[in-house]
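First comes the structure, then the notes that go with it.
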Amino acid sequence: MFRKMYWKHILVGDFVHVSNEQEIPADVLFLRSSDENGTCYVETCNLDGETSLKQRLVPRHYLPFSQQGNDFTPPNFTGTVFCEPPDPAIYTIRAKIERAPGSFELITKDNMLLRGSRLRNTTFIEGIVLYAGHDTKVMMNNGRAPHKISGIELLTNRFIVLCMVILTAMVVGSSLMSGIWLGDHPLSDNDANVTISICRLELSQASHRRCLRYWLLHYLLPGECNDIVTCKTRKLLVIVPISLYITVEIIKIAQIFFLSQDIELYDSDMDRAIDCRSLNIPEELGQISHVLSDKTGTLTENIMIFRNCAFDHVDYGPDRSLSFGLKISLSILSSQGESDSTKPVVCVALQDRVKSDWPTNTHMKHFFLNMVLNNSVVVNKVPHHDALEVGFFERDVYNIGNSSFYDITAEQFKEMVEQFKSQTASTSVDRPQQIGSCLSEIPEDSEIDSTIGGFSTLPSPTTPNFDSDTVETPAPVSRVSSFSKFVKRNLISPIISPITSLLPYDSIRKRHETVVANDFCPYEAESPDELAIIMGASLYGFKLEDKSATHTIIGVPGGAQERFEVLQVFPFHAERKRMSVVVKTPSGPLLYCKGADSAILSRLRRPTKAESIHGSSLKERLDEYSCKGLRTLAFAMRLLDQEHWEEFLESYRFVMSISSNDRDQLLSQKADEIEKELELLGVTGIEDRLQDGVEETIVALREAGMQVWVLTGDKLETAENIARSCGLFAPRLVTWKIETREDLSSIRGDGYNLVLSPQATHLAKLGDEGLLTVLRRAKSVLCYRMTPSEKAEMVKCVKTHLKGRVLTIGDGANDVPMIQAAHVGIGIVGKEGMQAAMACDFAIVRFQFLRRLLLVHGHWCYDRLSLTFLYFLYKNTNNVFLLFFFQLYNGWSASFNTDPVYSILYPIIFSSLQPIVVGVIDQDASAEELLSNPVLYSPGRKGTKYTYQLFAINTIDGIWQAAVVFFTPFLTFTGQECGLWQFGFYIASGMMFTNTAHLAVEVRCWERAKCMAYPQAFSSSSNVLYLFVEKTINK
5 MFRKMYWKHI LVGDFVHVSN EQEIPADVLF LRSSDENGTC YVETCNLDGE
55 TSLKQRLVPR HYLPFSQQGN DFTPPNFTGT VFCEPPDPAI YTIRAKIERA
105 PGSFELITKD NMLLRGSRLR NTTFIEGIVL YAGHDTKVMM NNGRAPHKIS
155 GIELLTNRFI VLCMVILTAM VVGSSLMSGI WLGDHPLSDN DANVTISICR
205 LELSQASHRR CLRYWLLHYL LPGECNDIVT CKTRKLLVIV PISLYITVEI
255 IKIAQIFFLS QDIELYDSDM DRAIDCRSLN IPEELGQISH VLSDKTGTLT
305 ENIMIFRNCA FDHVDYGPDR SLSFGLKISL SILSSQGESD STKPVVCVAL
355 QDRVKSDWPT NTHMKHFFLN MVLNNSVVVN KVPHHDALEV GFFERDVYNI
405 GNSSFYDITA EQFKEMVEQF KSQTASTSVD RPQQIGSCLS EIPEDSEIDS
455 TIGGFSTLPS PTTPNFDSDT VETPAPVSRV SSFSKFVKRN LISPIISPIT
505 SLLPYDSIRK RHETVVANDF CPYEAESPDE LAIIMGASLY GFKLEDKSAT
555 HTIIGVPGGA QERFEVLQVF PFHAERKRMS VVVKTPSGPL LYCKGADSAI
605 LSRLRRPTKA ESIHGSSLKE RLDEYSCKGL RTLAFAMRLL DQEHWEEFLE
655 SYRFVMSISS NDRDQLLSQK ADEIEKELEL LGVTGIEDRL QDGVEETIVA
705 LREAGMQVWV LTGDKLETAE NIARSCGLFA PRLVTWKIET REDLSSIRGD
755 GYNLVLSPQA THLAKLGDEG LLTVLRRAKS VLCYRMTPSE KAEMVKCVKT
805 HLKGRVLTIG DGANDVPMIQ AAHVGIGIVG KEGMQAAMAC DFAIVRFQFL
855 RRLLLVHGHW CYDRLSLTFL YFLYKNTNNV FLLFFFQLYN GWSASFNTDP
905 VYSILYPIIF SSLQPIVVGV IDQDASAEEL LSNPVLYSPG RKGTKYTYQL
955 FAINTIDGIW QAAVVFFTPF LTFTGQECGL WQFGFYIASG MMFTNTAHLA
1005 VEVRCWERAK CMAYPQAFSS SSNVLYLFVE KTINK
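Structure below.
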């Protein structure tokens, strides 16, 4: 019944079958699961950047579809779904199912599987499509990166305005002088053929008026135009470099191509190169003055490792427990490649204490039980293999995925099915009798002649098994489909089979065997922190064995298992910054709570003297862990009164039953009522390793003159330690902390490290001038306790108040507003989904690639385009003033001294390839020089290679060279006879050689610009040949 197809062919109302680790292809109403409880887990990192697993539920009335022995087929679903038009709100759904007239069931966000989310820890799910294609929520929220204009283009637009001013002055002046000349030389009927000798250039007064009109009539204007101002404007309009924009776009495309092909920006582990999503701002990479970076996943690996824990006044960690001999052995193992820095190290002292004291030490036991019970980790009891992935046999053809094999016989397919059954049945504990029930039957040719509506006759995963003898005869489909089946069976198969029979059968089965051969991980966690805690607890014998919505089974030291009944779970919330679980114990309901230290320490009960000493010791450990750069968590507990708990649970479940958009907030507020009067158990420290090359990259960016900011949600101590370890804070510089406005008065000097509190960042957003002055003098800035929305506001603050060219870099969906608000947004392709990479201008895999991207490619792009822009402004000025100087000697008649066709083709054909080649491959310094000497980036950051001063210099240079090119032949032929086109030949040739020589002088790297000779030779040869032929014809 189910057949694989492209997502674009899925329509609203289709039933879809999705296997484990596959992405949901549309917004689907969840109707059936491989889990008998009607649940599944999805990962939504592509939607909201959260790597956590979220549980989804089948609507209550349709839970029997997931029960064992239920032979579900799409016709079993007889309800009618009513839903509102597509809505971009990710977690808002307004729909209902009408089971019978007047009987409805509301659809909540927990019943929906959204496109882009990935199915995890569930063998398969089935559901009906409610929204497909561009109507899905992820597509409605998936906007492209906003259009951005580089600073160099904005400055060019101002230069164009100045060129227009020059053009206006020239037109007005020429028009006035033309009127004066015509007033001094009135034209009579007898003087119609009188010629005016100007340097022996023969030009009649009649031709003075007819010449421009002729060319405008035939080449430029649709009708006659006698307005002398319009004529002169059309002629002198060449000063406005229209061809510049076309040439620059070609150069940018070529620069982006070579940037994307840089092997140094390729990551072999992820098999990804840089992805350039914006083609119009490569030069912005060379003008960055401020770099604002996220921390987790951007500077760090986002791989959490359990390092330290503390309870009972004792701190346990690898550094405190390893003896000298053990350290030597570990270093030997590391040198032999047997040590893995990404895995936790067992603390021998804690391991020994757990083995001896855990049955009697209740404090220790509660601490570890809190670590194992209080989480959202999902336990995979067995690998999830969907039997539908084995394929099916139809019309003597074996189909798997979107491939067809014509040499697999029915007997061979049966062998594959039996092999799959035997391999999965030996490990399966979940509905074992249905392992092969989703495999297609092998009907005889006489039994089946067509397919159903484009789908194969593959049974549902719970329809009769492989050995069934009866098959329903499906309804016919189109003749085209039947004909294609006939061709495959009778023409293709007889030809392919003899050839493929020579291949070994084992090679055909490799795809099937990979279904079972993949590595199996027992845990899937909502966050890397939770997984690190579970793995850390397992080192000391406390293992999470099984977990469901109602109970949890854990293994304890010694190999025994304990079963805990789960009464209620209060999930983690960003505002609460904690999570809790209530389990049933002989003493009554027991609340285990964990979270950020700020969220736990403020909710502790009034301590006794012993608890006060214990709490002070743990607070010292928290500060110590933070100074090491570890992520800290605090663990606490509370024994609840049974009567109080029952009252609370009744009110909590009432809030859960409310159908409101504010339900999550109400539930969080309700949980706050019971998460108090806590007893502190212990604390943990989890390491999030820095990526390779982060310190070198940040130091290089700082040496290049860029002000580097790190925006993090961590507490102050953790943020400061990360700032030092990643190279953000230079050791030789003074570090100032700004908590309030009063701290500004104590800051002296320049070039210091700066730490901003949330209150200080609020002052910056308000534009406090005193704080802005301090920020301008800082080398590096660290902002802690930042929320995602505050990061985007800080980017706008730097752009608005500090007037900087801002680059932001992040890796998650919560970084998208910050990325899109900057002049250049960089997305890290990491573990938090593809949202940042989809919304950015450039997507890279590692933070260290930012160094080469800015210092090398950014510098090259800015330098080349600056040269190209200035050259075009010079060249066009040179061209237009050659025409202007000619007006001095032809009565300001606006006539051409060269063929107008040549004037049009010159900037398009004869002088376009040279600047393109230079703009693509010229280098003022090699990549090695730019990386080793970051100071070379400073000219681009300061914008010194493209300024008003350089515009004026190049404009004057163009005017001066135009005077040389014009007056050299003019003075040479003074007193001699010279035709108009002959004189124009010398002018055009001089202009071409002068422009080419000017560009050759600007080239810095002839080694890379040698290929410029080829287009240059073509352009020069074409130019000379055209002028020579033109001169010959005009003789």
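Adding 4 to a residue's 1-based position in the sequence shown gives its number in my numbering.
Heads up, the beta-carbon is just placed ideally off N, CA and C, and yes, glycines get one too.
Since this is a predicted model, take the numbers as computed values, not measurements.
Item                                                                                                             : Value
Residue closest to V376, alpha-carbon to alpha-carbon, out of A104, Q565, D298                                   : Q565
Burial state of A614 (16 or more Cβ within 10 Å)                                                                 : exposed
Beta strand (DSSP E) segment containing F81, residue limits                                                      : F81 -> no beta strand (DSSP E), and no H or E assigned at all.
N-terminal and C-terminal residue of the alpha helix (DSSP H) that W649 is part of                               : 646-660
Sequence-distant residues of its chain with Cβ nearer than 7 Å to A723 (five each side left out)                 : T716, L786, Y788
Nonlocal neighbours in the same chain, by C-beta distance under 7 Å from Y10, ignoring five residues either side : none
Pairwise C-alpha distance: L134 and H21                                                                          : 14 Å
P532 to L705 span [Cα, whole Å]                                                                                  : 30 Å
Residue range of the unbroken alpha helix (DSSP H) whose run includes R856                                       : 853-856
Per-residue DSSP class, three states only, for R639                                                              : Residue identity differs from the one stated: residue 639 is Phe in this sequence, not Arg. The answer is strand: DSSP assigns F639 an E or B state.
I848 to D815 span [Cα, whole Å]                                                                                  : 10 Å
Spatial neighbours of G83 in its chain, beta-carbon cut-off 7 Å, leaving aside the 5 residues before and after   : I101, E102, R103
Nearest residue (CA-CA) to A966, options E27, M996, E981, R809                                                   : M996
Sequence-distant residues of the same chain with beta carbon closer than 7 Å to I963, five excluded per side     : T881, F885
Cβ neighbour criterion (16 or more within 10 Å) applied to T48                                                   : buried
For L667, the first and last residue of its enclosing alpha helix (DSSP H)                                       : Checking the sequence shown, residue 667 turns out to be Arg, not Leu. 667-676 is the extent of the alpha helix (DSSP H) around R667.
A529 burial status per 10 Å Cβ neighbour count (16 or more: buried)                                              : buried
Residue environment, R609, which counts as buried when at least 16 other CB atoms sit within 10 Å                : exposed
Length-filtered (3 minimum) beta strand (DSSP E) runs lying within the segment 866-903                           : none
Range covered by the beta strand (DSSP E) that runs through Q69                                                  : One detail in the question is off: residue 69 reads as Phe in this sequence, not Gln. Where F69 is concerned, there is no enclosing beta strand (DSSP E), given that its DSSP letter is neither H nor E.
Inter-residue Cα distance where the pair is L216 and T777                                                        : Below a pLDDT of 50, predicted positions are generally treated as unreliable, and L216, at 39, falls in that range; no measurement from the model is reported.
I908, buried or exposed, once every other Cβ within 10 Å from all chains shown has been counted against 16       : exposed
Backbone CA spacing between P348 and L535 [nearest angstrom]                                                     : 12 Å
Closest Cα partner of Y3 within the set D139, D18, S121, F163                                                    : Here the chain has residues from 5 to 1039 only, and residue 3 is not among them.
Selection from S282, F34, T43, F851 that minimises the alpha carbon distance to V828                             : S282
Pair within 9 Å by beta-carbon distance, G155 and C865                                                           : no
Within-9 Å CB hit, V358 to chain C                                                                               : Considering every chain present, this structure includes no chain C. It has just one protein chain.
Every unbroken beta strand (DSSP E) within the segment 574-637, with a cutoff of 3 residues, ordered by chain    : 582-589, 592-599
Proximal residues to Q711 (C-beta, below 6 Å), its chain only, five neighbours per side dropped                  : H294
Nearest-angstrom Cα separation, counted from Q26 out to T127                                                     : 10 Å
Cβ-Cβ distance between Y629 and H370 below 9 Å                                                                   : no
Enclosing beta strand (DSSP E) for G709 [first to last residue]                                                  : Looking at the DSSP string, G709 is not in any beta strand (DSSP E), and its letter there is neither H nor E.
The segment 247-261 / the segment 802-822 touching (three or more Cβ pairs under 8 Å)                            : no
Neighbour-count burial assignment, N818, 16 or more Cβ in a 10 Å radius                                          : buried
Three CB pairs or more closer than 8 Å across the segment 645-664 and the segment 685-702                        : no
DSSP state of N378 mapped onto helix, strand, coil                                                               : coil
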